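To start, the structure under review is shown below, and the notes come after it.
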DNA sequence: TATATTTGTGTATTAATTACGCTTATAGAT
DNA sequence: ATCTATAAGCGTAATTAATACACAAATATA
């Protein structure tokens, strides 16, 4: 009997704004059934690399500019995760700087939307499971890889970085120790720009030196942010 | 155009014996071409979960008893990784206690064999890439999850555990600090059995308390073995 | 009984983490 | 101009963890 299994890719795209973690969803219309929100994704073309399939779908459906992308997990244990056919989904984990991404000028914006992670609606298929898997990956990786920077603008304030960690990890941090530790790595540099926010001492903008990080990483350096 | 992509699973099965890391390979015969050694695996059945497919293939081809199994990575970026058809492979990472596994009494043993990791022959398809990915995973995970125990017999000597770490990570360790650290976790317990090896002070056998580890893990404990 | 071999243990030094509070620069109100 | 509120920036002492390092104990064999 010939194999009759389809292969799709789906992307969990995280963004961070106004002190909140967001995920990007699209409105999935299938048949006459109720429209569910779903992760962006779709079937892989015959002559298309998996990674190109995700990139294509992201471009077509949402037009986001990707800062970080890696394979997350392949979902294929539940035979009926898609009720129409057997579909195996290779899920990807994506981080973007949502401040610079204008979602989809070209498609109707109603169908693509950011949802605060605490306010995600019911999702199609097993997409909730995929999202939860991605969230676990995000939390884990944040502590041992400098991926937090991929959720922020190129130049950011320490308070923003700190809030990002607190928010996503749902933990309190000592502001001073956090700053000290990050700076001790030598992968974050201060700029000469200052925040123009009112009502307090102006804050310096900083930026992440990715090149420096990659070099240190090669030399055996371990990034790690962990809190009691 | 209909999707025409096949989906397979492959397993990288690691074992550890006589102070060496081994990988399990099978002889792949296809057509009249030269037989290559390859990772155990094969196509997924239409109504079969991915994980069941790996387990089935492992059972059919090698008959090993699995101690640890997790999804490794899905290889589907190289369109031509299999020259016959487009095949996407979901690779799995498997650890076994090779001392208790008798490989394949039922199939001809010539076709299933352990290879020391330094002596792996040329492999079929992109299996070398898959193996390297698994090896990287093994090295990384050894430092932050107690998976070394899944390569050892239920009861083991400290010297064996220590050698396993040294061998796989290709690093020297201070014997005393290593022991102190492992014991400080409280997840390894001494038994009352002693080694009967000759020529030195007899060594106590220890065993890993998995239940205890899982509990500590839930409480926020972090296993970590890292060396300068 | 002496020698070789492997296991088992302790401590001092150094480095990293944690806990903690005051000063500075700005905006806005008076 | 002065006062108040707000957030940023900085330093140090106390605690905890990691590292470096050497000798004693138990066995087998000569």
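Residue numbers (the numbering used here), protein chains in the order written: chain A, -7 to 220; chain B, -7 to 220. Glycine included, C-beta positions come from ideal geometry on N, C-alpha and C. Quick caveat: nothing in here was measured; it's all calculated off a predicted structure.
Let me know if residue i comes out buried or exposed under the rule of 16 or more other beta-carbons within 10 Å of its beta-carbon.
i: residue 10(B); result: exposed
i: residue 153(B); result: buried
i: residue 66(A); result: buried
i: residue 76(A); result: exposed
i: residue -6(B); result: exposed
i: residue 219(B); result: exposed
i: residue 128(B); result: exposed
i: residue 54(A); result: buried
i: residue 68(A); result: buried
i: residue 198(A); result: buried
i: residue 169(A); result: exposed
i: residue 207(B); result: exposed
i: residue 191(B); result: exposed
i: residue 27(B); result: exposed
i: residue 118(A); result: buried
i: residue 138(B); result: buried
i: residue 193(B); result: exposed
i: residue 78(B); result: buried
i: residue 124(A); result: exposed
i: residue 20(B); result: buried
i: residue 178(B); result: exposed
i: residue 132(B); result: exposed
Between which two residues does the beta strand (DSSP E) containing residue i stretch?
i: residue 18(A); result: 12 to 20
i: residue 170(B); result: Where residue 170(B) is concerned, there is no enclosing beta strand (DSSP E), although the alpha helix (DSSP H) it sits in stretches over 167 to 177.
i: residue 30(A); result: 28 to 30
i: residue 116(B); result: Counting along the chain, residue 116(B) falls outside any beta strand (DSSP E), and DSSP gives it neither H nor E.
i: residue 2(A); result: -2 to 9
Given a cut-off of 8 Å on the beta-carbon distance, is the pair residue i and residue j in contact?
i: residue 13(B); j: residue 159(B); result: yes
i: residue 0(A); j: residue 34(A); result: yes
i: residue 89(A); j: residue 143(A); result: yes
i: residue 3(A); j: residue 37(A); result: no
i: residue 109(B); j: residue 31(B); result: no
i: residue 215(A); j: residue 157(A); result: no
i: residue 126(B); j: residue 64(B); result: yes
i: residue 149(B); j: residue 187(B); result: yes
i: residue 183(A); j: residue 211(A); result: no
i: residue 17(B); j: residue 107(B); result: yes
i: residue 80(A); j: residue -3(A); result: yes
i: residue 71(A); j: residue 41(B); result: yes
i: residue 87(A); j: residue 200(A); result: no
i: residue 151(B); j: residue 116(B); result: no
i: residue 112(B); j: residue 15(B); result: yes
i: residue 172(B); j: residue 217(B); result: no
i: residue 57(A); j: residue 93(A); result: yes
Assuming residue i is part of the alpha helix (DSSP H), what are its boundary residues?
i: residue 43(A); result: 42 to 53
i: residue 209(B); result: 202 to 210
i: residue 107(B); result: First-last for residue 107(B): 104 to 108, but that is the beta strand (DSSP E), not the alpha helix (DSSP H).
i: residue 159(A); result: 150 to 161
i: residue 35(A); result: Per DSSP, residue 35(A) belongs to no alpha helix (DSSP H); it is in the beta strand (DSSP E), 33 to 35.
Taking residue i as the query, report the chain B residues whose CB atoms sit under 9 Å from its CB, ordered along the chain.
i: residue 82(A); result: 66, 68, 80 and 82
i: residue 42(A); result: 66, 67, 68, 69 and 80
Anything in chain A within Cβ reach of residue i, meaning under 9 Å, just list it in chain order.
i: residue 36(B); result: -5, -3, 68 and 80
Residues of chain A with CB under 8 Å from residue i, in chain order?
i: residue 63(B); result: 65 and 66
Interface residues of chain B around residue i at Cβ under 7 Å?
i: residue 39(A); result: 71
To which residues does DSSP link residue i through a beta bridge?
i: residue 62(B); result: 85(B)
i: residue 196(A); result: 186(A)
i: residue 139(B); result: None, per the DSSP bridge assignment.
i: residue 217(B); result: DSSP, once it has assigned bridges, lists no residue as partnering residue 217(B).
i: residue 147(A); result: 199(A)
i: residue 57(B); result: Its beta-bridge partners do not exist; DSSP assigns none.
i: residue 80(B); result: -1(B)
i: residue 181(B); result: 199(B)
When every heavy atom of the ligand MG is checked, does at least one fall within less than 7 Å of the C-beta of residue i?
i: residue 46(B); result: With respect to the ligand MG, the structure shown offers nothing to examine, as it has no ligands at all.
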